[in-house]
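A.B. asks:
Numbering (our numbering), first residue to last: 15 to 670.
1) Count the other CB atoms within 10 Å of the CB of residue 650; is the residue buried (16 or more) or exposed (fewer)?
2) DSSP three-state label for residue 409, please.
3) Could you tell me the distance, in whole angstroms, from the CA atom of residue 445 to the CA atom of residue 480?
4) Rounded to the nearest angstrom, what separates residue 324 and residue 243 at their Cα positions?
5) How big is the Cα-Cα spacing for residue 530 and residue 619?
6) I need the straight-line Cα distance from residue 452 to residue 347, nearest angstrom please.
7) Under a three-way DSSP split, which group does residue 42 fall into?
8) Note down, one range per segment and in chain order, each beta strand (DSSP E) of at least 3 residues found wholly within the region 345-409.
9) Of the residues 256, 402, 648, 409, which one's Cα is nearest the Cα of residue 310?
10) Name the one or two DSSP bridge partners that residue 310 has.
11) For residue 223, which beta-bridge partners are listed by DSSP?
12) Check whether the region 282-294 and the region 228-245 are in contact - that is, three or more C-beta pairs closer than 8 Å.
13) Among 96, 104, 91, which one has its Cα closest to the Cα of residue 53?
14) For residue 446, which three-state DSSP category applies?
15) Just the Cα atoms here: how many angstroms apart are residue 42 and residue 123?
16) Considering only their Cβ atoms, is the gap separating residue 224 from residue 155 smaller than 9 Å?
17) Beta carbon of residue 536, beta carbon of residue 467: below 9 Å?
18) Taking residue 190 as the reference, which of 151, 157, 237, 200 has the closest Cα?
19) Under three-state DSSP, which class holds residue 302?
20) Helix, strand or coil for residue 276 per DSSP?
21) Could you name each continuous beta strand (DSSP E) segment of 3 residues or more that falls completely within the region 508-577, going from the start of the chain to the end?
22) Assuming residue 620 is part of the beta strand (DSSP E), what are its boundary residues?
23) May I have the straight-line CA-CA distance separating residue 484 from residue 435, to the nearest angstrom?
24) Between the region 210-222 and the region 286-301, are three or more C-beta pairs nearer than 8 Å?
25) Looking at residue 78 and residue 47, is the spacing between their C-beta atoms short of 9 Å?
26) With DSSP run on the structure shown, which of helix, strand or coil describes residue 653?
27) Using the three-state DSSP reduction, which class does residue 190 fall into: helix, strand or coil?
28) In this structure, does DSSP put residue 37 in helix, strand or coil?
29) Which same chain residues end up closer than 8 Å to residue 422 when comparing Cβ atoms and leaving out the 5 residues on each side of it in sequence?
30) Return the chain-ordered list of same chain residues with a C-beta closer than 7 Å to the C-beta of residue 603, the five sequence neighbours on each side being excluded.
31) With 16 other CB atoms within 10 Å as the buried threshold, where does residue 319 fall?
32) Which residues does DSSP list as the beta-bridge partners of residue 325?
33) Between which two residues does the beta strand (DSSP E) harbouring residue 132 extend?
34) Checking 9 Å against the spacing of the C-beta atoms, do residue 351 and residue 301 come in under that value?
35) Mapping the DSSP letters down to three states, classify residue 496 as helix, strand or coil.
36) At a cut of 8 Å, does the region 407-419 reach the region 360-379 through at least three beta carbon pairs?
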């Protein structure tokens with residue numbers, strides 16, 4: 015039967031798998047005794063359970079044959095085995111820290127017969143526990159009530175993880191101790207009334223704890239009896255002052271039994287502690303000045319206490335502003351001139367308590383005298399040379415000004431502004447005159463003089479180019495403007511010397527007429543204003559070069575033969591001029607004359623044969639004339655028939 019029961023329990027475990035369910039199952043029996051009985055009593059699966067809170071484990075074990083202490087007992091979860099503490103009565107405890115999610119918590123027991131049984135409960139673990147929220151809504155803090163009069167206390171409590179009925183609320187007094195403990199109403203309301211508070215000023219506290227003991231709380235003061243009265247006029251709640259400022263604390267106290275000057279007054283700051291115990295004068299007036307409160311937000315608590323220990327409290331907040339630190343200040347430009355706008359730059363101020371954005375205020379002076387400018391810049395129109403300008407920069411946050419810093423600069427004389435110079439032309443030749451001109455203005459209204467200096471050292475406003483100025487040279491004029499107060503400006507302008515071409519002064523051809531074979535000679539003279547001696551070359555209209563030309567037969571009579579003389583200087587400048595000669599005709603010459611036959615009779619026909627040439631070229635035309643030494647003219651052709659003439663025997667016949 016034991017074996018069957020174990021089998022049925024195992025079957026039940028297999029069918030139970032929902033969160034919060036539990037199941038008991040034996041692993042089997044290897045011995046002969048009965049199996050242990052195991053039960054998990056906590057957690058019970060109802061929750062809630064938190065990932066940041068240990069979960070208490072509780073259960074029971076028993077065995078028909080073995081004492082609880084003889085059993086092997088352990089706790090385990092899905093991923094680990096946990097320690098178990100077994101009491102003599104069979105109760106088992108332990109703890110488990112589980113992350114968010116679903117878990118199976120198992121209690122396992124094994125007896126001395128090695129029979130093992132487990133009981134498992136499934137739970138769901140949520141996120142970290144969140145603290146409850148609570149507060150006191152009545153009565154007002156610092157209120158009073160007569161002895162024996164019923165006073166109602168009200169508050170609230172909520173929790174994001176559990177309902178209000180799982181919270182515990184405790185009211186207590188620092189004088190009378192615990193007043194009431196209970197659970198809030200379903201809507202979170204907590205309230206009770208009492209008339210049994212003893213005569214005193216009570217600090218009433220509300221403490222609310224959740225299901226795992228995480229608490230919240232709030233307290234207030236209530237006076238039962240006749241406490242003194244306290245009125246604080248200044249500072250008002252939320253006032254702001256700057257550090258090192260003297261803070262005036264004023265107000266009044268009174269009491270039905272004690273004189274005002276006998277009342278004890280303490281002044282307490284959350285930052286500085288007790289900063290004064292100065293009390294009231296005989297009229298009850300409070301008048302206190304404090305200038306050493308540290309920067310920060312002070313929660314002030316002023317308490318007046320009478321001889322019975324009854325007291326009144328006033329609380330208020332005072333912000334002591336930490337002032338910005340001094341900036342680093344510069345003025346640009348430095349050095350500065352009257353044409354410059356002065357610009358102040360401030361940076362580096364910090365606000366120690368971050369109570370506001372740091373801004374800067376600017377104040378300018380001229381030689382110590384205040385100016386109206388309040389910005390970061392001082393226009394050039396507001397400055398003058400040889401004067402010192404100081405800017406003082408004060409940093410401020412939203413609550414007050416901090417430590418200032420200054421910078422200064424002395425404005426120097428502005429140099430004149432030179433316009434030009436300009437030259438009358440950009441290129442010149444020998445003999446030209448250059449004129450240099452410039453103008454100047456001065457921001458300081460100084461009288462400005464302008465002088466000129468040429469590259470050769472001369473100082474006139476004009477310069478005449480001479481032959482010492484070679485072509486390609488640059489002639490520079492430097493203009494200097496001087497305001498007489500150390501301000502000097504210079505500028506230059508330049509012109510380039512161009513080459514002047516040489517001049518052919520004369521050219522001639524000798525002789526001026528000639529015949530074939532005659533030599534013509536060309537002669538020329540030249541000069542150059544740039545200096546130097548030009549080179550003269552000759553070219554003839556026939557194509558030949560050189561200073562001589564021999565007339566050839568291709569030069570027809572009447573032709574004009576021209577000589578061009580070209581003068582060239584060393585810079586490539588050239589000039590030309592011409593002269594000419596005329597070709598005359600050269601008479602032809604009869605080279606040979608003969609008569610055939612050389613011995614003739616008066617009936618012969620004579621033939622005259624002749625050759626001729628012409629130095630001018632071409633073929634001369636021959637004409638014949640026959641004469642007899644006695645008979646005269648005989649004919650005018652190249653033949654003559656003597657039989658037809660009067661030529662006589664012995665006469666000499668001539669052919670011309």
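The beta carbon of each residue, even a glycine, is placed where N, CA and C say it ideally should be.
C.D. replies: According to the structure data:
1) To locate residue 650, count along the chain shown from 1; it is residue 636. Exposed: under 16 other Cβ atoms inside 10 Å.
2) In the chain shown, the residue the question calls residue 409 occupies position 395. Correct three-state label for residue 409: strand.
3) Residue 445 sits at position 431 when you count from the first residue of the chain shown. Residue 480 sits at position 466 when you count from the first residue of the chain shown. So the alpha carbons of these two residues sit roughly 6 Å apart.
4) Residue numbering aside, residue 324 sits at position 310 when the chain shown is read from its first letter. Residue numbering aside, residue 243 sits at position 229 when the chain shown is read from its first letter. Each residue's alpha carbon lies about 10 Å from the other.
5) For the purposes of this step, residue 530 is taken as the residue at position 516 of the chain shown. For the purposes of this step, residue 619 is taken as the residue at position 605 of the chain shown. Approximately 40 Å between the Cα atoms of the pair.
6) On the chain shown, position 438 is the one that residue 452 refers to. On the chain shown, position 333 is the one that residue 347 refers to. In a straight line, the C-alpha of residue 452 is about 29 Å away from that of residue 347.
7) Translated into positions along the chain shown, residue 42 becomes position 28. With a pLDDT of 45 at residue 42, under the threshold of 50, the predicted position of this residue should be treated as unreliable, and no value is reported.
8) 356-361, 373-380
9) Here residue 310 refers to the residue found at position 296 of the chain shown. Selected option, being the one with the closest Cα: 256.
10) Taking the first residue of the chain shown as 1, we reach residue 310 at position 296. DSSP, once it has assigned bridges, lists 334 as partnering residue 310.
11) As a first step, residue 223 must be located in the chain shown, where it is residue number 209. 182, 229.
12) no
13) Start at 1 with the first residue of the chain shown, and residue 53 comes out as number 39. For the residues 96, 104, 91, the minimum Cα distance to residue 53 belongs to 104.
14) Within the chain shown, the letter at position 432 stands for residue 446. Reduced to three states, the DSSP call for residue 446 is coil.
15) Here residue 42 is taken as the residue at index 28 of the chain shown, counted from 1. Here residue 123 is taken as the residue at index 109 of the chain shown, counted from 1. With a pLDDT of only 45 at residue 42, under the threshold of 50, the placement of this residue in the model should not be trusted, and no figure is reported.
16) Within the chain shown, numbered from 1, the residue matching residue 155 stands at position 141. Within the chain shown, numbered from 1, the residue matching residue 224 stands at position 210. No, they are not a contact pair.
17) Start at 1 with the first residue of the chain shown, and residue 536 comes out as number 522. Start at 1 with the first residue of the chain shown, and residue 467 comes out as number 453. Against a cut-off of 9 Å, the Cβ pair of residue 467 and residue 536 comes out as no contact.
18) As a working mapping, residue 190 is identified with position 176 in the chain shown. For the residues 151, 157, 237, 200, the minimum Cα distance to residue 190 belongs to 237.
19) Within the chain shown, numbered from 1, the residue matching residue 302 stands at position 288. Three-state result, residue 302: strand.
20) The residue labelled residue 276 in the question sits at position 262 within the chain shown. Note: residue 276 maps to helix in three-state DSSP.
21) 517-524, 533-541, 549-554, 562-564
22) Taking the first residue of the chain shown as position 1, residue 620 is located at position 606. Looking at the DSSP string, the run of the beta strand (DSSP E) that includes residue 620 is 619-627.
23) Your numbering for residue 484 matches position 470 in the chain shown. Your numbering for residue 435 matches position 421 in the chain shown. When rounded, the distance between both Cα atoms is 23 Å.
24) no
25) Position 33 of the chain shown holds residue 47. Position 64 of the chain shown holds residue 78. In contact: residue 47 and residue 78 (Cβ atoms closer than 9 Å).
26) Translated into positions along the chain shown, residue 653 becomes position 639. If DSSP states are grouped into helix, strand and coil, residue 653 belongs with the strands.
27) Locating residue 190 in the chain shown gives position 176, counting from the first residue. In this structure, residue 190 counts as coil in the three-state DSSP scheme.
28) Position 23 of the chain shown, counting from 1, holds the residue named residue 37. Bear in mind that the predicted position of residue 37 carries a pLDDT of just 46, short of 50, making it too unreliable to give a figure here.
29) Translated into positions along the chain shown, residue 422 becomes position 408. Cβ within range, chain order: 345, 402, 403, 404, 405.
30) Locating residue 603 in the chain shown gives position 589, counting from the first residue. Same-chain partners within the cutoff: 626, 627.
31) For the purposes of this step, residue 319 is taken as the residue at position 305 of the chain shown. By the neighbour-count rule (16 or more Cβ atoms within 10 Å), residue 319 is buried.
32) Your numbering for residue 325 matches position 311 in the chain shown. Beta-bridge pairing links residue 325 to 319.
33) To locate residue 132, count along the chain shown from 1; it is residue 118. Here the beta strand (DSSP E) through residue 132 covers 130-139.
34) Here residue 351 refers to the residue found at position 337 of the chain shown. Here residue 301 refers to the residue found at position 287 of the chain shown. Contact: no.
35) Residue numbering aside, residue 496 sits at position 482 when the chain shown is read from its first letter. Strand, per DSSP.
36) yes
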